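These notes are about the structure you will find just below.
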Amino acid sequence: MAKIVRRKADESLAITQAKQTQPEHQNASFDLDEISRLIRQRRSIFPPQYSDEVIPREKIELLLENAHWAPSHGRTEPWFFKVFHGDALARFGKVHAELYKEHMDEDKFKPMKYDKLKLRAMQCSHIIAICMKRGHKPKIPVIEEVEAVACAVENLWLTATALGIAGYWSSGGMTYHQSMKDFLGLGEADQCLGFFMLGMPKEDAWPTGKRENPWQDKVEWISE
Numbered sequence: 012m013a014k015i016v017r018r019k020a021d022e023s024l025a026i027t028q029a030k031q032t033q034p035e036h037q038n039a040s041f042d043l044d045e046i047s048r049l050i051r052q053r054r055s056i057f058p059p060q061y062s063d064e065v066i067p068r069e070k071i072e073l074l075l076e077n078a079h080w081a082p083s084h085g086r087t088e089p090w091f092f093k094v095f096h097g098d099a100l101a102r103f104g105k106v107h108a109e110l111y112k113e114h115m116d117e118d119k120f121k122p123m124k125y126d127k128l129k130l131r132a133m134q135c136s137h138i139i140a141i142c143m144k145r146g147h148k149p150k151i152p153v154i155e156e157v158e159a160v161a162c163a164v165e166n167l168w169l170t171a172t173a174l175g176i177a178g179y180w181s182s183g184g185m186t187y188h189q190s191m192k193d194f195l196g197l198g199e200a201d202q203c204l205g206f207f208m209l210g211m212p213k214e215d216a217w218p219t220g221k222r223e224n225p226w227q228d229k230v231e232w233i234s235e
């Protein structure tokens with residue numbers, strides 16, 4: 012059973028293997044303080060803040076396995092991930108930049124953005140394409156399939172946070188364009204929902220979190 016432990020004071024979390032002391036069922040106990048701290052330490056950390064360190068494959072596999080335990084209506088499990096790493100990062104960056112150049116209106120094309128799309132990919136250890144593949148139950152609304160994928164991404168993100176891995180969910184560039192769907196080999200009813208950028212953070216890269224308003228402002232209690 013994995014246990015979340017503190018690495019150092021005020022640092023991100025890491026997962027270490029510990030003996031299973033409780034059976035894995037609904038009555039198993041968890042450290043609620045650590046879970047709450049993990050959730051509140053999740054951050055968007057961007058590729059310029061990544062070091063050159065390559066994340067070991069077994070850690071990426073753990074992110075993806077935990078993502079796979081997201082809830083989904085009708086057990087359609089609509090999430091699908093394509094993982095770019097190694098030499099494929101440069102190829103992905105070049106393809107993304109060229110798609111932007113090819114399909115963006117000339118008056119809206121920005122050379123700096125073109126360069127950014129190419130460079131950003133090579134600043135990452137891994138890039139995970141976040142895809143929604145429509146399940147075999149068409150009566151389930153598309154939005155619920157998208158929501159299931161979003162839950163999977165949150166699982167992935169929290170696991171990355173626990174491992175001290177930096178990341179963020181990017182939806183810029185040509186994410187929602189048909190050309191990106193074609194590049195990723197997605198079906199007509201499928202969707203690309205973005206790209207999860209991953210890397211090991213540079214020293215002091217973990218930012219302090221903030222919220223614009225207290226959570227109480229976003230809740231209405233209805234008793235009758």
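Numbering (this note's numbering), first residue to last: 12 to 235. Beta carbons are placed, not taken as given, at the ideal position from N, Cα and C, and that holds for glycine. This structure is a prediction, so every number in the text was calculated from the model and none was measured.
CA nearest to the CA of residue i, picked from the options
{"i": "Pro-67", "options": "Cys-135, Gly-104 and Ile-154", "result": "Cys-135"}
{"i": "Glu-214", "options": "Lys-121, Glu-64, Ala-161 and Ala-39", "result": "Glu-64"}
{"i": "Met-143", "options": "His-137, Glu-155, Met-133 and Glu-76", "result": "Glu-155"}
{"i": "Glu-72", "options": "Gly-85, Phe-95 and Gln-60", "result": "Phe-95"}
{"i": "Glu-109", "options": "Gly-178, Leu-100 and Tyr-125", "result": "Tyr-125"}
{"i": "Asn-77", "options": "Pro-152, Arg-102, Gly-104 and Leu-167", "result": "Leu-167"}
{"i": "Ile-56", "options": "Ala-171, Leu-197, Gln-202 and Pro-225", "result": "Ala-171"}
{"i": "Lys-150", "options": "Trp-90, Trp-180, Ala-177 and Gly-85", "result": "Gly-85"}
{"i": "Gly-184", "options": "Val-160, Ala-177, Gln-227 and Phe-120", "result": "Phe-120"}
Limits of the alpha helix (DSSP H) - the one that residue i falls within
{"i": "Phe-194", "result": "189 to 195"}
{"i": "Phe-103", "result": "99 to 114"}
{"i": "Lys-127", "result": "122 to 133"}
{"i": "Lys-70", "result": "68 to 78"}
{"i": "Ile-56", "result": "Looking at the DSSP string, Ile-56 is not in any alpha helix (DSSP H), and its letter there is neither H nor E."}
For residue i, the first and last residue of its enclosing beta strand (DSSP E)
{"i": "Ala-177", "result": "177 to 181"}
{"i": "Cys-142", "result": "137 to 143"}
{"i": "Lys-119", "result": "Where Lys-119 is concerned, there is no enclosing beta strand (DSSP E), given that its DSSP letter is neither H nor E."}
{"i": "Phe-91", "result": "90 to 96"}
Residue i in three-state terms, based on DSSP
{"i": "Ala-200", "result": "coil"}
{"i": "Trp-217", "result": "coil"}
{"i": "Thr-32", "result": "Because Thr-32 carries a pLDDT of 44, less than 50, the predicted location of this residue cannot be relied on, and the following value inherits that uncertainty. If DSSP states are grouped into helix, strand and coil, Thr-32 belongs with coil."}
{"i": "Lys-150", "result": "coil"}
{"i": "Gly-184", "result": "coil"}
{"i": "Val-65", "result": "coil"}
{"i": "Ser-234", "result": "coil"}
{"i": "Leu-209", "result": "strand"}
{"i": "Asn-224", "result": "coil"}
{"i": "Leu-174", "result": "coil"}
{"i": "Ala-8", "result": "An answer regarding residue 8 cannot be provided, because it is not within the stretch 12 to 235 covered by the chain."}
{"i": "Arg-48", "result": "helix"}
{"i": "Ala-39", "result": "coil"}
Residue i beta carbon near the ligand ZN (any heavy atom closer than 8 Å)
{"i": "Lys-112", "result": "Judged by which ligands are present, the structure shown has none, so any question about the ligand ZN falls away."}
Below-9 Å beta-carbon distance, residue i vs any chain D residue
{"i": "Glu-235", "result": "Here there is only one protein chain, and chain D is not present."}
Anticipated Cβ contact below 8 Å, residue i with residue j, distance rounded
{"i": "Gly-220", "j": "Arg-102", "result": "Actually they are not in contact, since the Cβ atoms of Gly-220 and Arg-102 sit about 34 Å apart, beyond 8 Å."}
{"i": "Lys-70", "j": "Leu-174", "result": "6 Å"}
Assess, as a yes-or-no matter, whether the region 121 to 136 is touched by the region 198 to 215 under the definition of 3 or more beta carbon pairs within less than 8 Å.
-> yes
Assess, as a yes-or-no matter, whether the region 42 to 55 is touched by the region 112 to 127 under the definition of 3 or more beta carbon pairs within less than 8 Å.
-> no
Per the contact definition of three or more C-beta pairs closer than 8 Å, is the region 76 to 92 in contact with the region 219 to 233?
-> no
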